[in-house]
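As structure tokens, the structure follows; a few thoughts come after it.
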Amino acid sequence: MDEKYFPESIEQKWQQHWEQTKAFQATDDDPRPKFYCLEMLPYPSGFLHMGHVRNYSIGDALAWYKRLQGFNVLHPIGWDSFGQPAEQAAIKRGVNPRDWTEENIALMRGQFKRLGISYDWSREIAAHRPDYYKWDQWFFLKMYERGLAYKKKSPVNWCPKESTVLSNEQSSGGVCWRCGAEVEKRDLEQWFLRITEYAGQLVDHIKQIESSWPEKVLKRQRDWVGRSEGAYIDFPVKNSDKKIRVFTTRIDTIFGATAIVLSAEHPLIDELLEASPLKDEVMAFARKVKSEKATRGRIVEEEEQKEGINTGVLALNSFSGESIPVWVANYVLLEYGTGAVMSVPAHDERDFEFAQKYSLPIRRVIERISHEQESIVHDPLSADQSIAMPHAFTDYGILVNSGDWSGKLSQDAIVEMAKYAAEHGFGEAAVTYRIRDWGVSRQRFWGAPVPIIYCEKCGMEAVPEKDLPVQLPDHAEFTGSGESPLAGVADFVNTTCPKCGGEAKRDTDTMDTFVDSSWYFFRYCDPKNDSAAFDPAVAKQWTPVDQYIGGDSHAVMHLIYTRFWTKFMRDIGLVSFDEPVKKLLTQGMVTNRVEGTDEWKAMSKSLGNGVDPDEMIAAFGADAARLFILFAAPVENELRWSETGIEGAVRFLRRVYTMVWRWHERLSNNAGVSPGQNSTGESNGESSAGARALRRKTHQTIAKVTSDFEELHLNTIVAALMELFNEFGDFNADPGTASAGDVFAVREALESLVLMLAPFSPHIAEEMWEKLGHKGGLLQSARWPQADPELARCEELEIPIQVNGKLRSRVLAAPEVTEAELRTAALNDEKIRSLIEGHEVVKVIVVPQRLVNVVLR
RNA sequence: GCCGGAGUGGCGAAAUUGGUAUACGCACCAGACUCAAAAUCUGGCGAGGUCAAACUCAUGUCGGUUCGAGUCCGACCUCCGGCACCA
700 MDEKYFPESI
710 EQKWQQHWEQ
720 TKAFQATDDD
730 PRPKFYCLEM
740 LPYPSGFLHM
750 GHVRNYSIGD
760 ALAWYKRLQG
770 FNVLHPIGWD
780 SFGQPAEQAA
790 IKRGVNPRDW
800 TEENIALMRG
810 QFKRLGISYD
820 WSREIAAHRP
830 DYYKWDQWFF
840 LKMYERGLAY
850 KKKSPVNWCP
860 KESTVLSNEQ
870 SSGGVCWRCG
880 AEVEKRDLEQ
890 WFLRITEYAG
900 QLVDHIKQIE
910 SSWPEKVLKR
920 QRDWVGRSEG
930 AYIDFPVKNS
940 DKKIRVFTTR
950 IDTIFGATAI
960 VLSAEHPLID
970 ELLEASPLKD
980 EVMAFARKVK
990 SEKATRGRIV
1000 EEEEQKEGIN
1010 TGVLALNSFS
1020 GESIPVWVAN
1030 YVLLEYGTGA
1040 VMSVPAHDER
1050 DFEFAQKYSL
1060 PIRRVIERIS
1070 HEQESIVHDP
1080 LSADQSIAMP
1090 HAFTDYGILV
1100 NSGDWSGKLS
1110 QDAIVEMAKY
1120 AAEHGFGEAA
1130 VTYRIRDWGV
1140 SRQRFWGAPV
1150 PIIYCEKCGM
1160 EAVPEKDLPV
1170 QLPDHAEFTG
1180 SGESPLAGVA
1190 DFVNTTCPKC
1200 GGEAKRDTDT
1210 MDTFVDSSWY
1220 FFRYCDPKND
1230 SAAFDPAVAK
1240 QWTPVDQYIG
1250 GDSHAVMHLI
1260 YTRFWTKFMR
1270 DIGLVSFDEP
1280 VKKLLTQGMV
1290 TNRVEGTDEW
1300 KAMSKSLGNG
1310 VDPDEMIAAF
1320 GADAARLFIL
1330 FAAPVENELR
1340 WSETGIEGAV
1350 RFLRRVYTMV
1360 WRWHERLSNN
1370 AGVSPGQNST
1380 GESNGESSAG
1390 ARALRRKTHQ
1400 TIAKVTSDFE
1410 ELHLNTIVAA
1420 LMELFNEFGD
1430 FNADPGTASA
1440 GDVFAVREAL
1450 ESLVLMLAPF
1460 SPHIAEEMWE
1470 KLGHKGGLLQ
1480 SARWPQADPE
1490 LARCEELEIP
1500 IQVNGKLRSR
1510 VLAAPEVTEA
1520 ELRTAALNDE
1530 KIRSLIEGHE
1540 VVKVIVVPQR
1550 LVNVVLR
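Residue numbers (the numbering used here): 700 to 1556.
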């Protein structure tokens, strides 16, 4: 140890030590309680950015804390190494995606090690390696067996820039999640995973995690799954045996239905119009709507004009016995509900707008109810049913003009009318969901091949499990065109049928990379297993994940897929719980000013506002960089990068280091117990007031830091450590002359400080710990310090005295002072007495140990 | 439009959940050391007011509840996110 703080040599020394001693390897079958600390695995772009540094520093702080608390901590890392950038590099620069990926992984592994993140490197995984993606394929086949993976032709989201399909989650808002290009609709044969099968559970099981996942993530998931309770109602078509089924959440408004409106893509249109003279006109309209949709993708700048056409067909409302016209319109979605709605203009804004445009009747069937009087409040505008209202009335109320149902409350009618429809065979109560099945086919090379074979004789056949993995070929033509590069690799495509042995062809699509990340953290538990994705017994020791940390950008992608995957794994007996992640933290973005603007945006190479972690490490050290990034803001806030703050972190570390250097000789001569082992120990010596104050601050700090760690309030922990250190300034004892009692207090304070600093700046903590006389590294010898409430207690309290709620004075009091004593002390205070003079004391509020408020008139 | 979240010094932010507002750090100012600068150390630092104090005003705005409000209630303003014809 040098007298001066040189981060570089200290950090290298301990990184080597950790590597040689395999310090952070987790052991299975360990009697200690487990803690699974997980951060979202990175895509190996080749460079860590500051957002990564933040993410992994948070996770590492928690991993260190839990280790020092005596937990058996699993803290693994791996690579989300399939995906577009590798293929783009192949297209643009002709490199092999595998080599490119492996090189990037090597670069980033080096960066992680220079940061000193305490990973168990023996469990490292990478999605692009056959021993990993074999199990993607295995899971796919398990789903296929159960009908949860299926192929169908459907309009899908197509990113024109990347020439590939995107899932709904990846094209949310009508733009590609990766490149931001506007998404188009294309009709393609695609593989889907039946996530809709689990829609109900994805909503219901939120109960299990709602106190420990951020509300904003859960809200987005609830919205995305979009559970909606209502009813299906059949409308028989006149002069036909067909029925049109609609979905509605407002069956109570059905007497106000003045039309049925079909989506332009509705499959029934053809059949209904067979004999109609209007056929050509309607079909032309439907085609127009469809083509508009295809070119526009999902982007709707401002609300689109509603357009429709009357088909001339009539359908029967079984509740009212009335026949109403069937329309086709552009505002009805095929994908939701049944692709058809009953139009109730009086009570639905969209139907209202449509009805106004086409002069459809607007019939009011719900009146507002006044809760005070439990009576109907007549809206003068609707007294005459035929007069248009200014708006639709969309609230619940009381039914009117609804035959026998009139007079009922909406809430009751909704239940009873669905029941009635079911009993009479023209409907049923139903729950629908917004979420659609997960499209996983990608027309790309750099992913796990879909393990399916097409035989002319036998049709579609699953690759037998013994033939897995279906390996990616070494070479392919990367043209960037729409078809998968695999289609051009003859010895990949051409194979034999597993059933008949005849000539057959392989599926040439690969799977969405979100398949890889849906289950990767189970593989960490058993990463070398070559006969299963993981051994359920081993996984059971570690999972579910205790704390997961990552960005909230994956709220409806990765975080919903992985919940789905876990439920599937439960159903095939691999795990025994519903939810994979107990606690989720979504850390805020690290942003930087975009040069020449006032905008703060996430650091990125293309914006030119990135900060290279390696440069930070070189200039300030990994310890200071990590300390600063955790101190600068609460973990969930956006962090606006600034270089000036990091120097404060360096200064702090240097001051602590210098203090340890100043005392280490005296302390190691006087090698005592470490605070964790004997925090209440007698200080065997006289203790000065300064030493007592230092011990008090030490124990107060331990208590605060420990409780803040449970909530991951890392910024206030750092502040508390700085405060503890500042107490040394007030103490100011001389190592040469200090009494045994003073030395004890210093040892306790410094050792506690070093231990509590370890989660933030582990290298310097190790170095100082060694200097304080402990050999072998922190992890072997150290335990988190224990706060002693007795020592943390103040000897004297300063009690604020208020008059009429305004602070006027303070008195000193012992902590055990009684309410009456405090009251007397306050009233006898000179300052307070002079303020009371000439006034009547109405009452005196005494809050024990906190304050006194004298109320005057 | 709908649904969330947030507004506290020059800046990042604290505040044991209704009890001393601005902890900790950055920036800034002054002093010590130095021939000098940097580094380091010491002190100061919400606004007004005063030689100094007293005192007054301050947590987006306006009102309310309370002995007491950054915290609770009501209305509004602003910013940031998400969703967007979901029947």
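By construction, the Cβ of each residue, glycine as well, lies at the ideal position given by its N, Cα and C atoms.
Under 8 Å between C-beta atoms of residue i and residue j
{"i": "residue 1435", "j": "residue 754", "result": "no"}
{"i": "residue 936", "j": "residue 921", "result": "no"}
{"i": "residue 895", "j": "residue 1136", "result": "yes"}
{"i": "residue 779", "j": "residue 1285", "result": "no"}
{"i": "residue 852", "j": "residue 886", "result": "yes"}
{"i": "residue 673", "j": "residue 1166", "result": "Residue coverage of the chain in this structure runs from 700 to 1556, which leaves residue 673 outside it and unanswerable."}
{"i": "residue 1201", "j": "residue 1195", "result": "yes"}
{"i": "residue 1395", "j": "residue 1301", "result": "no"}
{"i": "residue 1038", "j": "residue 1027", "result": "no"}
Element boundaries [beta strand (DSSP E), containing residue i]
{"i": "residue 1552", "result": "1550-1555"}
{"i": "residue 1128", "result": "1126-1131"}
{"i": "residue 1112", "result": "Not the beta strand (DSSP E): residue 1112 falls in the alpha helix (DSSP H), residues 1109-1122."}
{"i": "residue 852", "result": "848-858"}
{"i": "residue 1457", "result": "Unbroken run through residue 1457: none, as it is neither H nor E."}
{"i": "residue 1153", "result": "1151-1154"}
{"i": "residue 1242", "result": "Looking at the DSSP string, residue 1242 is not in any beta strand (DSSP E), and its letter there is neither H nor E."}
{"i": "residue 1318", "result": "Note, residue 1318: premise wrong, no beta strand (DSSP E); alpha helix (DSSP H) at 1312-1319."}
{"i": "residue 1010", "result": "1007-1016"}
{"i": "residue 1290", "result": "1289-1292"}
{"i": "residue 1482", "result": "No beta strand (DSSP E) contains residue 1482, which DSSP labels as neither H nor E."}
Continuous alpha helix (DSSP H) stretch holding residue i: start and end
{"i": "residue 1507", "result": "Residue 1507 -> not in any alpha helix (DSSP H); beta strand (DSSP E) instead, spanning 1505-1512."}
{"i": "residue 928", "result": "That residue, residue 928, is in no alpha helix (DSSP H); its beta strand (DSSP E) goes 927-935."}
{"i": "residue 1299", "result": "Not the alpha helix (DSSP H): residue 1299 falls in the beta strand (DSSP E), residues 1299-1301."}
{"i": "residue 1028", "result": "Premise fails: residue 1028 lies in the beta strand (DSSP E), 1021-1028, not in any alpha helix (DSSP H)."}
{"i": "residue 1532", "result": "1529-1535"}
{"i": "residue 1214", "result": "1212-1215"}
{"i": "residue 907", "result": "905-908"}
Outcome for residue i when other beta-carbon atoms lying within 10 angstroms are tallied against a minimum of 16
{"i": "residue 1242", "result": "buried"}
{"i": "residue 724", "result": "exposed"}
{"i": "residue 708", "result": "exposed"}
{"i": "residue 1400", "result": "buried"}
{"i": "residue 1506", "result": "exposed"}
{"i": "residue 822", "result": "buried"}
{"i": "residue 1544", "result": "exposed"}
{"i": "residue 815", "result": "buried"}
{"i": "residue 1537", "result": "exposed"}
{"i": "residue 721", "result": "exposed"}
{"i": "residue 1159", "result": "exposed"}
{"i": "residue 1377", "result": "Because the pLDDT at residue 1377 is just 41, under 50, the model does not fix this residue reliably, and the value given afterwards should be weighed accordingly. Counting Cβ neighbours within 10 Å, residue 1377 comes out exposed, since fewer than 16 surround it."}
{"i": "residue 884", "result": "buried"}
{"i": "residue 1279", "result": "buried"}
{"i": "residue 1437", "result": "buried"}
Residue closest to residue i, alpha-carbon to alpha-carbon, out of the options
{"i": "residue 810", "options": "1500, 1254, 748 and 1167", "result": "748"}
{"i": "residue 776", "options": "982, 786, 759 and 906", "result": "759"}
{"i": "residue 1022", "options": "843, 955 and 964", "result": "955"}
{"i": "residue 1197", "options": "1155, 1208 and 1457", "result": "1155"}
{"i": "residue 1174", "options": "888, 1228, 790 and 845", "result": "790"}
{"i": "residue 1494", "options": "1447, 1393 and 1551", "result": "1393"}
{"i": "residue 1008", "options": "1059, 1402 and 1200", "result": "1059"}
{"i": "residue 1364", "options": "1467, 1551 and 1398", "result": "1467"}
{"i": "residue 764", "options": "1111, 1457 and 1489", "result": "1457"}
{"i": "residue 1251", "options": "1335, 713 and 715", "result": "1335"}
{"i": "residue 1315", "options": "1305, 1348 and 1287", "result": "1348"}
Closer than 7 Å: residue i CB and nearest the ligand SAM heavy atom
{"i": "residue 950", "result": "Although the ligand SAM was asked about, the structure shown includes no ligands whatsoever."}
Along the chain, which unbroken stretches of the alpha helix (DSSP H) at least 4 residues long are found entirely within the stretch 949-1000? 967-971 and 978-995
I'd like the ranges of any alpha helix (DSSP H) spanning at least 4 consecutive residues and lying wholly in the stretch 1333-1373. 1343-1368
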